[in-house]
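One structure is given here, and the rest of the page talks about it.
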Amino acid sequence: WSFDAGDRALILRRDPPGSPDPTAMAREAALLASAAAAGVPVPALADHGDDLAGAPFLIMERLPGETIPRRLLRDDRFAAVRPALARELGATLARLHTMAPVPDLPDLDPLDAITEHYANFEPRPAVELALRWLNDNRPPASDRRAVVHGDFRNGNLMIDETGVRGVLDWELTHLGDPAEDLGWLCTKAWRFNSPHPVGGFGSREDLLAGYASAGGTPPTLEELHWWEVYGTLRWTILCRHQAERYLNGSDTSIEYALLGRRVCEQEHDLLLALGLTEPTTVQDPLETAQPTDTPPHDRPNAQALIDAVGTFLLQATQPDDRLRFHARVAAAALAIARRELLLGETHKKAHEKRLSNLDCDSDTALAEAIREGTLDPRMDEVTQAVRDSIVDKLTVANPRHLSLPTA
(Lines of atoms letter the chains of each structure in order from A and count residues from 1; the text may use other names and numbers.)
(Lines give C-alpha, C1' and ligand atoms only; values in the text may rest on other atoms or scores of the structure.)
Protein backbone atom coordinates (compact mmCIF):
# COMPACT_ATOMS: atom_id res chain seq x y z
CA TRP A 1 0.00 0.00 0.00
CA SER A 2 1.13 3.54 -0.76
CA PHE A 3 0.49 6.30 1.76
CA ASP A 4 1.83 9.60 3.10
CA ALA A 5 2.81 10.29 6.71
CA GLY A 6 3.32 14.01 7.11
CA ASP A 7 5.81 14.96 4.42
CA ARG A 8 7.06 11.37 3.95
CA ALA A 9 5.94 9.28 0.97
CA LEU A 10 5.88 5.65 2.10
CA ILE A 11 5.11 2.10 1.01
CA LEU A 12 3.70 -0.56 3.34
CA ARG A 13 4.29 -4.21 2.54
CA ARG A 14 2.65 -6.86 4.67
CA ASP A 15 2.67 -10.63 4.50
CA PRO A 16 -0.74 -12.29 4.41
CA PRO A 17 -1.57 -14.22 7.59
CA GLY A 18 -0.13 -17.72 7.45
CA SER A 19 2.74 -16.78 5.13
CA PRO A 20 4.98 -19.82 4.45
CA ASP A 21 8.07 -17.80 5.46
CA PRO A 22 7.28 -15.51 8.41
CA THR A 23 10.95 -14.46 8.61
CA ALA A 24 11.06 -13.06 5.05
CA MET A 25 10.17 -9.46 5.97
CA ALA A 26 12.79 -9.26 8.71
CA ARG A 27 15.37 -10.71 6.34
CA GLU A 28 14.48 -8.17 3.65
CA ALA A 29 14.76 -5.34 6.19
CA ALA A 30 18.25 -6.55 7.07
CA LEU A 31 19.14 -6.77 3.37
CA LEU A 32 17.98 -3.20 2.74
CA ALA A 33 20.18 -1.98 5.59
CA SER A 34 23.16 -3.97 4.31
CA ALA A 35 22.62 -2.73 0.75
CA ALA A 36 22.45 0.89 1.86
CA ALA A 37 25.69 0.46 3.81
CA ALA A 38 27.36 -0.89 0.65
CA GLY A 39 26.27 2.13 -1.40
CA VAL A 40 23.46 0.38 -3.28
CA PRO A 41 20.51 2.69 -4.00
CA VAL A 42 17.54 1.26 -2.09
CA PRO A 43 14.41 2.67 -0.44
CA ALA A 44 15.11 3.99 3.05
CA LEU A 45 13.65 1.71 5.71
CA ALA A 46 11.13 3.49 7.97
CA ASP A 47 9.97 0.59 10.14
CA HIS A 48 9.47 -3.15 10.21
CA GLY A 49 8.11 -5.70 12.63
CA ASP A 50 6.46 -9.07 12.99
CA ASP A 51 2.93 -8.14 14.02
CA LEU A 52 0.77 -5.76 12.01
CA ALA A 53 -2.72 -7.23 12.20
CA GLY A 54 -1.11 -10.60 12.80
CA ALA A 55 1.52 -10.53 10.06
CA PRO A 56 5.09 -9.28 9.47
CA PHE A 57 5.38 -5.88 7.79
CA LEU A 58 7.84 -3.49 6.20
CA ILE A 59 7.47 0.28 5.75
CA MET A 60 9.88 1.95 3.37
CA GLU A 61 10.41 5.14 1.44
CA ARG A 62 8.39 5.54 -1.77
CA LEU A 63 10.95 6.38 -4.43
CA PRO A 64 10.31 8.60 -7.44
CA GLY A 65 10.77 7.12 -10.88
CA GLU A 66 9.49 4.35 -13.12
CA THR A 67 9.72 0.55 -13.01
CA ILE A 68 7.61 -0.45 -16.04
CA PRO A 69 10.11 -1.76 -18.63
CA ARG A 70 8.30 -0.72 -21.78
CA ARG A 71 8.09 2.87 -20.58
CA LEU A 72 11.76 2.87 -19.62
CA LEU A 73 12.71 1.52 -23.05
CA ARG A 74 10.40 3.69 -25.16
CA ASP A 75 9.39 6.94 -23.46
CA ASP A 76 11.20 10.06 -24.63
CA ARG A 77 11.81 11.25 -21.09
CA PHE A 78 14.27 8.39 -20.54
CA ALA A 79 16.05 8.79 -23.90
CA ALA A 80 19.01 10.70 -22.44
CA VAL A 81 19.69 8.27 -19.60
CA ARG A 82 19.18 4.97 -21.46
CA PRO A 83 22.64 4.81 -23.11
CA ALA A 84 24.34 5.10 -19.72
CA LEU A 85 22.25 2.54 -17.86
CA ALA A 86 24.16 -0.63 -18.77
CA ARG A 87 27.35 0.80 -17.30
CA GLU A 88 25.52 2.20 -14.26
CA LEU A 89 23.83 -1.12 -13.60
CA GLY A 90 27.21 -2.84 -13.74
CA ALA A 91 28.56 -0.45 -11.12
CA THR A 92 25.46 -0.94 -8.98
CA LEU A 93 25.93 -4.70 -9.05
CA ALA A 94 29.61 -4.38 -8.13
CA ARG A 95 28.60 -2.49 -4.99
CA LEU A 96 25.77 -4.92 -4.28
CA HIS A 97 28.23 -7.80 -4.38
CA THR A 98 30.22 -6.23 -1.53
CA MET A 99 27.22 -6.38 0.83
CA ALA A 100 27.67 -7.99 4.21
CA PRO A 101 25.59 -11.20 4.29
CA VAL A 102 22.60 -11.37 6.59
CA PRO A 103 21.55 -14.50 8.52
CA ASP A 104 19.68 -17.38 6.90
CA LEU A 105 20.38 -16.62 3.23
CA PRO A 106 20.05 -19.75 1.06
CA ASP A 107 23.32 -21.17 -0.26
CA LEU A 108 22.60 -23.87 -2.83
CA ASP A 109 24.24 -25.08 -6.01
CA PRO A 110 22.21 -23.22 -8.65
CA LEU A 111 22.20 -25.97 -11.26
CA ASP A 112 21.26 -28.64 -8.72
CA ALA A 113 18.47 -26.41 -7.39
CA ILE A 114 16.96 -25.70 -10.79
CA THR A 115 17.18 -29.37 -11.80
CA GLU A 116 15.35 -30.35 -8.62
CA HIS A 117 12.65 -27.74 -9.30
CA TYR A 118 12.22 -28.98 -12.89
CA ALA A 119 11.71 -32.55 -11.62
CA ASN A 120 8.26 -31.49 -10.36
CA PHE A 121 7.01 -31.16 -13.94
CA GLU A 122 6.85 -33.17 -17.14
CA PRO A 123 10.16 -33.72 -18.98
CA ARG A 124 10.65 -31.30 -21.90
CA PRO A 125 13.07 -31.88 -24.80
CA ALA A 126 14.31 -28.26 -25.00
CA VAL A 127 14.98 -28.19 -21.27
CA GLU A 128 16.95 -31.44 -21.50
CA LEU A 129 19.11 -29.98 -24.28
CA ALA A 130 19.83 -26.95 -22.09
CA LEU A 131 20.61 -29.01 -18.98
CA ARG A 132 23.09 -31.14 -20.90
CA TRP A 133 24.81 -28.05 -22.28
CA LEU A 134 24.98 -26.38 -18.88
CA ASN A 135 26.46 -29.48 -17.26
CA ASP A 136 28.94 -30.04 -20.10
CA ASN A 137 30.07 -26.40 -20.30
CA ARG A 138 30.00 -25.27 -16.68
CA PRO A 139 32.85 -22.86 -15.91
CA PRO A 140 35.45 -24.00 -13.38
CA ALA A 141 34.31 -23.50 -9.80
CA SER A 142 34.77 -19.87 -8.84
CA ASP A 143 36.09 -18.66 -5.52
CA ARG A 144 33.91 -15.58 -5.93
CA ARG A 145 31.14 -15.76 -3.34
CA ALA A 146 28.81 -12.88 -2.60
CA VAL A 147 25.32 -11.81 -1.75
CA VAL A 148 23.38 -12.37 -5.00
CA HIS A 149 20.19 -10.35 -5.49
CA GLY A 150 18.58 -13.15 -7.49
CA ASP A 151 16.16 -11.00 -9.50
CA PHE A 152 18.19 -7.96 -10.61
CA ARG A 153 16.51 -7.02 -13.89
CA ASN A 154 14.55 -4.44 -15.81
CA GLY A 155 11.25 -4.33 -13.92
CA ASN A 156 12.78 -4.53 -10.45
CA LEU A 157 14.68 -1.25 -10.75
CA MET A 158 13.35 2.22 -10.00
CA ILE A 159 14.77 4.56 -12.64
CA ASP A 160 14.22 8.23 -13.37
CA GLU A 161 15.73 10.72 -15.80
CA THR A 162 18.97 10.81 -13.78
CA GLY A 163 19.57 7.06 -13.49
CA VAL A 164 18.97 4.24 -11.02
CA ARG A 165 17.10 5.41 -7.92
CA GLY A 166 16.48 2.06 -6.25
CA VAL A 167 16.99 -1.70 -6.42
CA LEU A 168 13.75 -3.42 -5.43
CA ASP A 169 12.36 -6.90 -4.68
CA TRP A 170 14.95 -8.72 -2.57
CA GLU A 171 12.86 -11.85 -1.93
CA LEU A 172 15.14 -14.16 -3.96
CA THR A 173 18.45 -12.99 -2.48
CA HIS A 174 20.93 -15.75 -1.68
CA LEU A 175 24.64 -16.50 -1.53
CA GLY A 176 26.39 -17.51 -4.72
CA ASP A 177 28.54 -16.58 -7.69
CA PRO A 178 28.04 -12.86 -8.43
CA ALA A 179 28.11 -13.61 -12.16
CA GLU A 180 24.59 -15.01 -11.71
CA ASP A 181 23.17 -11.50 -11.30
CA LEU A 182 25.03 -10.26 -14.38
CA GLY A 183 23.74 -13.14 -16.50
CA TRP A 184 20.17 -12.76 -15.24
CA LEU A 185 20.17 -9.08 -16.21
CA CYS A 186 21.22 -10.10 -19.74
CA THR A 187 18.60 -12.84 -20.13
CA LYS A 188 16.45 -12.24 -23.22
CA ALA A 189 13.17 -12.16 -21.30
CA TRP A 190 14.22 -8.90 -19.61
CA ARG A 191 15.05 -7.08 -22.86
CA PHE A 192 11.35 -6.62 -23.69
CA ASN A 193 11.87 -6.87 -27.46
CA SER A 194 14.93 -4.59 -27.48
CA PRO A 195 18.04 -5.73 -29.39
CA HIS A 196 20.29 -4.56 -26.54
CA PRO A 197 21.21 -7.45 -24.23
CA VAL A 198 21.53 -5.67 -20.87
CA GLY A 199 17.91 -5.22 -19.83
CA GLY A 200 17.20 -3.70 -23.24
CA PHE A 201 19.48 -0.75 -22.42
CA GLY A 202 23.00 -1.47 -23.66
CA SER A 203 25.86 -3.86 -24.33
CA ARG A 204 27.50 -6.57 -22.28
CA GLU A 205 30.80 -4.76 -22.68
CA ASP A 206 29.38 -1.62 -21.05
CA LEU A 207 27.89 -3.71 -18.24
CA LEU A 208 31.20 -5.41 -17.48
CA ALA A 209 33.13 -2.14 -17.78
CA GLY A 210 30.80 -0.55 -15.24
CA TYR A 211 31.20 -3.56 -12.97
CA ALA A 212 35.00 -3.28 -13.12
CA SER A 213 34.92 0.51 -12.64
CA ALA A 214 33.27 0.04 -9.23
CA GLY A 215 35.76 -2.57 -8.08
CA GLY A 216 34.07 -5.76 -9.27
CA THR A 217 35.94 -8.64 -10.88
CA PRO A 218 33.98 -9.21 -14.08
CA PRO A 219 33.44 -12.68 -15.51
CA THR A 220 34.65 -13.48 -19.00
CA LEU A 221 32.13 -13.21 -21.83
CA GLU A 222 32.12 -17.02 -21.96
CA GLU A 223 31.26 -17.25 -18.26
CA LEU A 224 28.60 -14.57 -18.68
CA HIS A 225 27.08 -16.55 -21.55
CA TRP A 226 26.84 -19.66 -19.36
CA TRP A 227 24.89 -17.64 -16.80
CA GLU A 228 22.63 -16.22 -19.53
CA VAL A 229 21.76 -19.76 -20.64
CA TYR A 230 21.20 -20.68 -17.01
CA GLY A 231 18.97 -17.62 -16.54
CA THR A 232 16.93 -18.50 -19.62
CA LEU A 233 16.46 -22.05 -18.34
CA ARG A 234 15.56 -20.75 -14.90
CA TRP A 235 12.87 -18.50 -16.36
CA THR A 236 11.54 -21.36 -18.50
CA ILE A 237 11.05 -23.49 -15.40
CA LEU A 238 9.61 -20.60 -13.39
CA CYS A 239 7.03 -19.99 -16.14
CA ARG A 240 6.09 -23.67 -16.02
CA HIS A 241 5.88 -23.43 -12.22
CA GLN A 242 3.54 -20.43 -12.44
CA ALA A 243 1.36 -22.19 -15.02
CA GLU A 244 0.94 -25.06 -12.56
CA ARG A 245 -1.07 -22.76 -10.31
CA TYR A 246 -3.77 -22.70 -12.99
CA LEU A 247 -3.40 -26.34 -13.98
CA ASN A 248 -3.80 -27.62 -10.41
CA GLY A 249 -6.72 -25.30 -9.69
CA SER A 250 -5.04 -23.22 -6.99
CA ASP A 251 -5.35 -20.01 -9.04
CA THR A 252 -7.78 -19.92 -11.96
CA SER A 253 -6.88 -16.43 -13.17
CA ILE A 254 -6.52 -15.85 -16.91
CA GLU A 255 -2.96 -14.62 -16.35
CA TYR A 256 -1.77 -17.99 -15.02
CA ALA A 257 -3.75 -19.85 -17.66
CA LEU A 258 -1.93 -17.99 -20.41
CA LEU A 259 1.48 -18.62 -18.84
CA GLY A 260 1.16 -22.29 -19.69
CA ARG A 261 1.09 -21.38 -23.37
CA ARG A 262 4.06 -19.03 -23.05
CA VAL A 263 6.55 -21.62 -21.85
CA CYS A 264 7.35 -22.24 -25.53
CA GLU A 265 8.60 -18.63 -25.81
CA GLN A 266 11.29 -19.44 -23.28
CA GLU A 267 12.06 -22.76 -24.99
CA HIS A 268 12.68 -20.83 -28.21
CA ASP A 269 14.91 -18.39 -26.30
CA LEU A 270 16.81 -21.38 -24.89
CA LEU A 271 17.54 -22.65 -28.39
CA LEU A 272 18.63 -19.14 -29.39
CA ALA A 273 20.99 -18.93 -26.42
CA LEU A 274 22.42 -22.35 -27.27
CA GLY A 275 22.96 -21.37 -30.91
CA LEU A 276 20.51 -24.05 -32.08
CA THR A 277 18.08 -21.75 -33.89
CA GLU A 278 17.77 -18.23 -35.28
CA PRO A 279 15.01 -15.62 -35.37
CA THR A 280 12.55 -16.29 -38.15
CA THR A 281 9.35 -14.76 -39.47
CA VAL A 282 6.14 -16.76 -39.46
CA GLN A 283 2.91 -15.24 -40.68
CA ASP A 284 0.17 -15.11 -38.09
CA PRO A 285 -2.40 -17.66 -39.32
CA LEU A 286 -5.18 -15.31 -38.27
CA GLU A 287 -4.11 -12.91 -41.03
CA THR A 288 -5.00 -15.41 -43.77
CA ALA A 289 -7.85 -17.34 -42.14
CA GLN A 290 -10.94 -17.68 -44.32
CA PRO A 291 -14.49 -17.81 -42.93
CA THR A 292 -16.15 -21.21 -43.15
CA ASP A 293 -19.77 -22.28 -42.87
CA THR A 294 -20.73 -24.93 -40.31
CA PRO A 295 -24.26 -26.07 -41.20
CA PRO A 296 -26.77 -26.22 -39.67
CA HIS A 297 -25.45 -23.36 -37.51
CA ASP A 298 -25.98 -19.79 -38.61
CA ARG A 299 -23.28 -17.23 -39.20
CA PRO A 300 -21.12 -15.87 -37.65
CA ASN A 301 -19.32 -19.13 -36.97
CA ALA A 302 -17.41 -20.02 -33.80
CA GLN A 303 -14.13 -18.55 -35.04
CA ALA A 304 -15.77 -15.24 -35.89
CA LEU A 305 -17.44 -15.12 -32.48
CA ILE A 306 -14.07 -15.64 -30.80
CA ASP A 307 -12.70 -12.75 -32.87
CA ALA A 308 -15.62 -10.56 -31.85
CA VAL A 309 -15.08 -11.21 -28.14
CA GLY A 310 -11.35 -10.51 -28.49
CA THR A 311 -12.04 -7.22 -30.26
CA PHE A 312 -14.52 -6.25 -27.55
CA LEU A 313 -11.99 -6.93 -24.81
CA LEU A 314 -9.39 -4.75 -26.50
CA GLN A 315 -11.76 -1.89 -27.30
CA ALA A 316 -13.94 -1.77 -24.19
CA THR A 317 -13.17 0.97 -21.70
CA GLN A 318 -11.67 -0.49 -18.52
CA PRO A 319 -11.70 1.45 -15.23
CA ASP A 320 -8.09 0.77 -14.18
CA ASP A 321 -4.71 -0.46 -15.40
CA ARG A 322 -5.06 -3.94 -13.93
CA LEU A 323 -8.36 -4.61 -15.68
CA ARG A 324 -6.90 -3.26 -18.91
CA PHE A 325 -3.99 -5.67 -18.51
CA HIS A 326 -6.27 -8.64 -17.89
CA ALA A 327 -8.43 -7.67 -20.86
CA ARG A 328 -5.34 -7.80 -23.09
CA VAL A 329 -4.37 -11.17 -21.58
CA ALA A 330 -7.87 -12.53 -22.21
CA ALA A 331 -7.80 -11.29 -25.80
CA ALA A 332 -4.43 -12.99 -26.31
CA ALA A 333 -5.86 -16.24 -24.92
CA LEU A 334 -8.73 -16.07 -27.40
CA ALA A 335 -6.29 -15.51 -30.26
CA ILE A 336 -4.38 -18.63 -29.17
CA ALA A 337 -7.61 -20.63 -29.12
CA ARG A 338 -8.49 -19.34 -32.58
CA ARG A 339 -5.11 -20.32 -34.02
CA GLU A 340 -5.29 -23.75 -32.43
CA LEU A 341 -8.70 -24.33 -34.02
CA LEU A 342 -7.14 -23.51 -37.38
CA LEU A 343 -3.89 -25.47 -37.06
CA GLY A 344 -4.28 -27.95 -34.21
CA GLU A 345 -4.87 -31.09 -36.27
CA THR A 346 -2.14 -30.25 -38.79
CA HIS A 347 0.38 -29.61 -36.02
CA LYS A 348 -0.63 -32.77 -34.16
CA LYS A 349 0.02 -34.97 -37.19
CA ALA A 350 3.36 -33.29 -37.92
CA HIS A 351 4.44 -33.69 -34.29
CA GLU A 352 3.49 -37.36 -34.20
CA LYS A 353 5.53 -37.94 -37.38
CA ARG A 354 8.58 -36.17 -35.93
CA LEU A 355 8.44 -38.31 -32.80
CA SER A 356 7.88 -41.51 -34.77
CA ASN A 357 10.92 -40.77 -36.97
CA LEU A 358 12.99 -40.72 -33.76
CA ASP A 359 11.35 -43.92 -32.43
CA CYS A 360 9.65 -41.97 -29.63
CA ASP A 361 5.98 -42.08 -28.75
CA SER A 362 5.81 -38.84 -26.75
CA ASP A 363 7.68 -35.70 -25.78
CA THR A 364 8.48 -37.38 -22.48
CA ALA A 365 10.17 -40.26 -24.28
CA LEU A 366 12.17 -37.84 -26.42
CA ALA A 367 13.21 -35.80 -23.38
CA GLU A 368 14.35 -38.94 -21.56
CA ALA A 369 16.30 -40.09 -24.62
CA ILE A 370 18.11 -36.73 -24.71
CA ARG A 371 18.86 -37.01 -20.99
CA GLU A 372 20.17 -40.56 -21.28
CA GLY A 373 22.12 -39.96 -24.51
CA THR A 374 20.46 -42.78 -26.44
CA LEU A 375 19.86 -40.51 -29.45
CA ASP A 376 23.28 -38.84 -29.44
CA PRO A 377 24.25 -40.31 -32.86
CA ARG A 378 21.15 -38.59 -34.28
CA MET A 379 21.49 -35.30 -32.42
CA ASP A 380 21.06 -33.18 -35.57
CA GLU A 381 17.68 -34.86 -36.18
CA VAL A 382 16.76 -34.43 -32.52
CA THR A 383 17.58 -30.73 -32.59
CA GLN A 384 15.60 -30.24 -35.79
CA ALA A 385 12.59 -32.02 -34.30
CA VAL A 386 12.71 -29.93 -31.12
CA ARG A 387 13.12 -26.75 -33.14
CA ASP A 388 10.19 -27.58 -35.47
CA SER A 389 7.90 -28.42 -32.56
CA ILE A 390 8.68 -25.12 -30.83
CA VAL A 391 8.02 -23.21 -34.07
CA ASP A 392 4.62 -24.90 -34.31
CA LYS A 393 3.81 -24.12 -30.67
CA LEU A 394 4.80 -20.49 -31.11
CA THR A 395 2.90 -20.16 -34.38
CA VAL A 396 -0.18 -20.77 -32.25
CA ALA A 397 0.86 -19.13 -28.98
CA ASN A 398 2.70 -16.01 -30.18
CA PRO A 399 4.07 -16.03 -33.75
CA ARG A 400 5.67 -12.62 -33.33
CA HIS A 401 8.06 -13.99 -30.70
CA LEU A 402 9.85 -16.03 -33.36
CA SER A 403 11.12 -12.88 -35.07
CA LEU A 404 12.30 -10.96 -32.00
CA PRO A 405 15.99 -10.04 -32.14
CA THR A 406 18.70 -11.81 -30.25
CA ALA A 407 22.04 -10.33 -29.22
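Residue numbering for the sequence shown follows full-length UniProt numbering, starting at 1 and increasing by one per position. All residues carry an ideal CB built from backbone N, CA and C; glycine is no exception.
Measuring alpha carbon to alpha carbon, tell me which residue in the options is nearest residue i.
| i | options | result |
| --- | --- | --- |
| isoleucine 159 | Ala100, Arg400, Arg77, Leu224 | Arg77 |
| leucine 404 | Val263, Thr281, Ala330 | Thr281 |
| alanine 38 | Gly215, Leu10, Ala119 | Gly215 |
| alanine 46 | Pro140, Pro56, Ala29 | Ala29 |
| arginine 240 | Gly344, Phe121, Leu358 | Phe121 |
| aspartate 284 | Glu340, Leu323, Gln315 | Glu340 |
| alanine 35 | Ile11, Val102, Pro123, Ile237 | Val102 |
| threonine 364 | Pro123, Ile114, Gln315, Cys264 | Pro123 |
| leucine 323 | Ala94, Glu223, Arg261, Ser253 | Ser253 |
| tyrosine 230 | Ala33, Asp109, Glu368 | Asp109 |
| isoleucine 11 | Gly260, Ala44, Thr383, Ala94 | Ala44 |
| leucine 270 | Asp321, Thr292, Leu131, Asn301 | Leu131 |
| histidine 48 | Met379, Ala26, Asp388 | Ala26 |
| residue 449 | Leu93, Asp75, Leu224, Arg378 | Because the chain spans 1 through 407 in this model, residue 449 falls outside it and cannot be assessed. |
| leucine 168 | Gln318, Arg13, Tyr246 | Arg13 |
| threonine 92 | Arg328, Glu368, Leu247, Phe152 | Phe152 |
| alanine 189 | His297, Asp392, Glu372, Ala273 | Ala273 |
| alanine 327 | Leu258, Asp388, Glu345 | Leu258 |
| arginine 400 | Ala304, Gln303, Glu287, Thr294 | Glu287 |
| glutamate 368 | Asp50, Asn248, Ala119 | Ala119 |
Measure the C-alpha to C-alpha separation of residue i and residue j and round it to an integer number of angstroms.
| i | j | result |
| --- | --- | --- |
| glutamine 266 | alanine 5 | 43 Å |
| asparagine 135 | isoleucine 390 | 23 Å |
| alanine 79 | glutamate 205 | 20 Å |
| glutamine 242 | tyrosine 256 | 6 Å |
| leucine 58 | alanine 335 | 41 Å |
| tyrosine 211 | asparagine 193 | 24 Å |
| alanine 289 | phenylalanine 312 | 19 Å |
| proline 139 | aspartate 177 | 11 Å |
| tryptophan 184 | valine 198 | 9 Å |
| arginine 144 | leucine 72 | 32 Å |
| alanine 350 | threonine 374 | 23 Å |
| glycine 260 | serine 250 | 14 Å |
| cysteine 264 | methionine 99 | 37 Å |
| arginine 95 | leucine 31 | 13 Å |
| alanine 316 | glycine 275 | 42 Å |
| proline 56 | isoleucine 114 | 29 Å |
| arginine 191 | glutamate 222 | 20 Å |
| alanine 84 | threonine 232 | 25 Å |
| aspartate 361 | histidine 347 | 15 Å |
| aspartate 376 | leucine 342 | 35 Å |
| proline 300 | glycine 310 | 14 Å |
| aspartate 21 | glutamate 171 | 11 Å |
| leucine 366 | arginine 82 | 44 Å |
| arginine 8 | aspartate 320 | 26 Å |
| proline 296 | arginine 74 | 50 Å |
| valine 329 | proline 64 | 28 Å |
| leucine 314 | alanine 308 | 10 Å |
| glutamate 161 | glycine 90 | 18 Å |
| glutamate 372 | methionine 379 | 12 Å |
| serine 213 | threonine 23 | 35 Å |
| leucine 111 | threonine 294 | 52 Å |
Rounded to the nearest angstrom, how far is the Cβ of residue i from that of residue j, given a contact under 8 Å?
| i | j | result |
| --- | --- | --- |
| serine 2 | arginine 62 | 6 Å |
| threonine 187 | tryptophan 133 | With 8 Å as the limit, threonine 187 and tryptophan 133 do not qualify as a contact, their Cβ atoms being about 15 Å apart. |
| leucine 394 | histidine 268 | 6 Å |
| proline 69 | glycine 166 | About 15 Å; that fails the 8 Å criterion. |
| isoleucine 370 | alanine 337 | No, isoleucine 370 and alanine 337 are not in contact; Cβ-Cβ is about 30 Å, not under 8 Å. |
| valine 396 | alanine 126 | With 8 Å as the limit, valine 396 and alanine 126 do not qualify as a contact, their Cβ atoms being about 16 Å apart. |
| residue 412 | glutamate 381 | The question about residue 412 has no answer here: the residues shown for the chain are numbered 1 through 407. |
| proline 41 | valine 164 | 6 Å |
| serine 203 | alanine 86 | 6 Å |
| threonine 406 | proline 219 | Not really, about 20 Å apart at Cβ, beyond 8 Å. |
| leucine 157 | threonine 67 | 7 Å |
| glutamate 180 | tryptophan 226 | Their Cβ separation, rounded to whole angstroms, is 10 Å, which puts glutamate 180 and tryptophan 226 out of contact at 8 Å. |
| histidine 174 | leucine 105 | 5 Å |
| asparagine 398 | arginine 262 | 7 Å |
| proline 291 | alanine 302 | Incorrect: roughly 11 Å between the Cβ atoms, too far for contact. |
| alanine 33 | histidine 97 | Alanine 33 to histidine 97, Cβ: 17 Å. No contact. |
| leucine 207 | leucine 247 | So it is not a contact: roughly 37 Å between Cβ atoms. |
Per DSSP, which one or two residues make a beta bridge with residue i?
| i | result |
| --- | --- |
| glutamate 66 | Ile159 |
| phenylalanine 3 | Leu10 |
| valine 391 | Beta-bridge pairing links valine 391 to no other residue. |
| aspartate 47 | Ile59 |
| valine 198 | Gly202 |
Quick check on residue i - is its C-beta less than 8 Å from some C-beta in chain D?
| i | result |
| --- | --- |
| leucine 207 | Although the question refers to chain D, the structure presented lacks it and comprises just one protein chain. |
Beta strand (DSSP E) runs wholly inside the stretch 76-114, at least 3 long, in chain order: Taking only runs of at least 3 residues, no beta strand (DSSP E) segment lies wholly in the stretch 76-114.
Run through the stretch 232-278 for me and flag every whole alpha helix (DSSP H) of 4 or more residues, listed as ranges in chain order. 254-259, 263-273, all fully within the stretch 232-278.
To test your reading of the DSSP string, which unbroken alpha helix (DSSP H) runs of 4 or more residues are found completely within the UniProt domain "DUF6285" (320-400)? Those alpha helix (DSSP H) runs which fall completely within the UniProt domain "DUF6285" (320-400) and span 4+ residues are 321-357, 363-372, 379-397.
In the stretch 137-188, which residue ranges form an unbroken alpha helix (DSSP H) of at least 4 residues, counting only runs that do not cross its ends? Whole alpha helix (DSSP H) segments, 4+ residues: 179-186.
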